[in-house]
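Chemist:
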Ligand SMILES: Cc1cc2nc3c(=O)[nH]c(=O)nc-3n(C[C@H](O)[C@H](O)[C@H](O)COP(=O)(O)OP(=O)(O)OC[C@H]3O[C@@H](n4cnc5c(N)ncnc54)[C@H](O)[C@@H]3O)c2cc1C
């Protein structure tokens with residue numbers, strides 16, 4: 002088996018690498034603060050103007066028509082180069098595939114270029130106080146009134162929700178229907194009248210994570226994605242992207258594993274004694290990141306041959322979230338007492354703790370794997 006990149010992919014990799022190295026901005030403030038959010042938006046514009054915002058999209062919407070292998074290479078180079086994270090990730094990774102699949106051509110023409118350029122930054126408004134894992138239990142009501150829906154209810158745990166320009170929501174349009182059938186996928190402007198956003202208090206004090214309150218909030222019927230009542234099918238198409246290939250590409254973990262190896266090397270050179278068990282953990286993290294990389298390339302090659310990503314996306318979600326957590330825990334163990342001080346590793350560890358929760362908890366993913374991949378009985 003020849004695992005080397007074909008010459009055209011090497012050329013592509015070198016082009017990305019050179020551009021990212023030449024255009025790396027000074028570090029930005031956190032995207033969960035108002036100032037940092039705008040700094041990240043400006044970075045999105047720089048990427049867009051150079052054609053590197055959404056390389057896998059069609060050129061008509063600001064992309065480069067890259068194939069999936071090129072996209073994975075781009076992601077590796079992106080994370081390797083240490084440029085800022087993507088404030089556009091919810092839109093580009095989770096909503097865009099859904100708009101490509103279910104949007105009207107008017108919706109595609111309006112939303113996709115604005116998403117690609119950072120003019121519209123999106124948040125995901127799915128979870129509610131009583132409906133997270135049991136997403137079909139959502140209660141936020143949208144009643145039809147002429148050419149508008151009137152929304153009442155509450156969403157929670159909304160990443161970027163305090164500042165996002167738009168929110169993609171699932172709402173209940175038919176309370177009488179079977180619970181999966183009464184849902185509709187609705188694109189809600191952040192400045193819709195009757196929408197209030199309240200930051201959720203976080204340990205780090207940053208206000209980007211939010212709860213959303215709809216109080217007779219009016220949204221035009223033209224903002225339905227797919228058909229009224231089809232929201233579950235539309236949402237599940239996006240959930241596959243979130244767990245599978247799009248949200249967490251291997252480049253992120255490969256870069257973190259390289260940094261972990263550098264950390265171990267630096268500490269050792271600085272006089273720390275690193276015991277065998279910790280050395281093995283560092284090696285294991287690096288191997289796991291590589292394994293995830295090859296598994297993802299295999300999946301990408303299959304998708305390029307026409308296969309579809311099914312329930313096995315859940316395997317990938319469990320793998321990357323647990324790998325990320327273990328990798329950061331190893332870094333803190335390497336640092337010992339110093340690990341308790343604020344650092345990039347501590348920030349990464351705290352965020353990694355949420356990996357087994359968001360994008361569908363790992364318990365739910367394990368249920369899916371048991372039932373749909375392994376064919377085990379429900380009980
Ligand atoms: C950092 C972060 C960012 C997030 N961002 C967003 C966002 O942008 N938009 C958004 O809509 N949501 C977001 N979420 C919410 C996330 O999707 C939910 O937290 C998640 O789906 C779990 O729902 P819940 O919190 O209501 O927990 P629950 O569903 O109440 O689950 C509680 C516990 O019970 C377990 N459990 C529940 N049902 C079962 C079952 N059938 N079998 C086995 N175990 C079960 C769960 O695994 C979990 O351990 C985010 C969450 C986090 C942590």
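Numbering (this note's numbering), first residue to last: 2 to 380.
Built from N, CA and C at the ideal position, the CB exists for glycine as well.
(1) Could you give the first and the last residue of the continuous alpha helix (DSSP H) run that contains residue 302?
(2) Among 321, 135, 44 and 191, which residue has its Cα nearest to the Cα of residue 382?
(3) Tell me where the beta strand (DSSP E) around residue 122 begins and ends.
(4) Mind checking whether the beta-carbon of residue 364 lies closer than 7 Å to any heavy atom of ligand 1?
(5) How far does the beta strand (DSSP E) with residue 108 in it reach, from first residue to last?
(6) Our contact map puts residue 63 next to residue 118 with C-beta atoms below 8 Å; I'd like the distance itself, whole angstroms only.
(7) Determine the direct distance from the alpha carbon of residue 228 to that of residue 164, and round the result to whole angstroms.
(8) Since residue 174 and residue 193 are thought to touch, with beta carbons under 8 Å apart, how far apart are those beta carbons, to the nearest angstrom?
(9) Take residue 340 and list the residues in its own chain whose beta-carbon comes closer than 6 Å to its own, dropping the five residues that flank it on each side.
(10) Using 8 Å as the Cβ pair cut-off and three pairs as the minimum, do the segment 68–79 and the segment 301–317 touch?
(11) Exposed or buried, what is residue 373 when buried is set at 16 or more other beta-carbons lying within 10 Å of its beta-carbon?
(12) Do the CB positions of residue 121 and residue 166 come within less than 8 Å of each other?
(13) Give me the Cα-Cα distance between residue 346 and residue 21, rounded to the nearest whole angstrom.
(14) Within 8 Å of any Cβ in chain B, is that where the Cβ of residue 282 sits?
(15) Could you check how far apart the C-beta atoms of residue 158 and residue 128 are, in whole angstroms? I think they sit under 8 Å.
(16) Take residue 214 and list the residues in its own chain whose beta-carbon comes closer than 6 Å to its own, dropping the five residues that flank it on each side.
(17) Straight-line CA distance for residue 149 to residue 221?
(18) For residue 254 and residue 325, I'd like the C-alpha separation in whole angstroms.
(19) Quick check on the DSSP output: the beta strand (DSSP E) that includes residue 61 runs from which residue to which?
(20) Would you call residue 211 buried or exposed, if buried means 16 or more other Cβ atoms sit within 10 Å of its Cβ?
(21) Distance, Cα to Cα, residue 26 vs residue 371?
(22) Helix, strand or coil, according to DSSP, for residue 150 in the structure here?
(23) Could you give the uninterrupted runs of the alpha helix (DSSP H) lying entirely in the segment 208–269, keeping only those of 4 residues or more?
(24) Can you tell me which of the three DSSP states residue 331 falls into?
(25) Enumerate in chain order the residues of its own chain whose CB-to-CB distance from residue 41 is below 7 Å, with the five nearest sequence positions on each side excluded.
(26) Once the 5 residues before and after residue 269 are set aside, which same chain residues still bring their CB inside 7 Å of it?
(27) Compute the Euclidean distance between the alpha carbons of residue 310 and residue 260, then round it to the nearest angstrom.
(28) Relative to ligand 1, is the shortest distance from any of its heavy atoms to the C-beta of residue 348 smaller than 7 Å?
(29) Hey, would you say residue 113 sits closer than 8 Å to residue 124, going by beta carbons?
(30) Could you give the residue range of the alpha helix (DSSP H) that holds residue 47?
Modeler: According to the structure shown:
(1) 277–305
(2) Any question about residue 382 goes unanswered here, given that the chain covers just 2 to 380.
(3) Premise fails: residue 122 is in no beta strand (DSSP E) and is neither H nor E.
(4) Residue 364 Cβ: within cutoff of ligand 1.
(5) It is not in any beta strand (DSSP E) - residue 108 instead sits in the alpha helix (DSSP H) that spans 106–118.
(6) 7 Å
(7) 28 Å
(8) Actually they are not in contact, since the Cβ atoms of residue 174 and residue 193 sit about 16 Å apart, beyond 8 Å.
(9) Excluding sequence neighbours, residue 340 sits near 333.
(10) yes
(11) exposed
(12) yes
(13) 23 Å
(14) No chain B is part of this structure, which consists of one protein chain only.
(15) 5 Å
(16) 155 and 197
(17) 4 Å
(18) Taking the CA atoms as reference points, residue 254 sits about 7 Å from residue 325.
(19) Premise fails: residue 61 is in no beta strand (DSSP E) and is neither H nor E.
(20) buried
(21) A straight line joining the alpha-carbon of residue 26 with that of residue 371 spans about 45 Å.
(22) In the structure shown, residue 150 sits in a strand (DSSP, three-state: E or B).
(23) Qualifying alpha helix (DSSP H) stretches, in chain order: 232–244.
(24) helix
(25) Annotation for residue 41: 29, 32, 85 and 88 place their beta carbon closer than 7 Å to its own, counting only its chain and skipping 5 residues before and after.
(26) 275
(27) 31 Å
(28) no
(29) no
(30) 35–50
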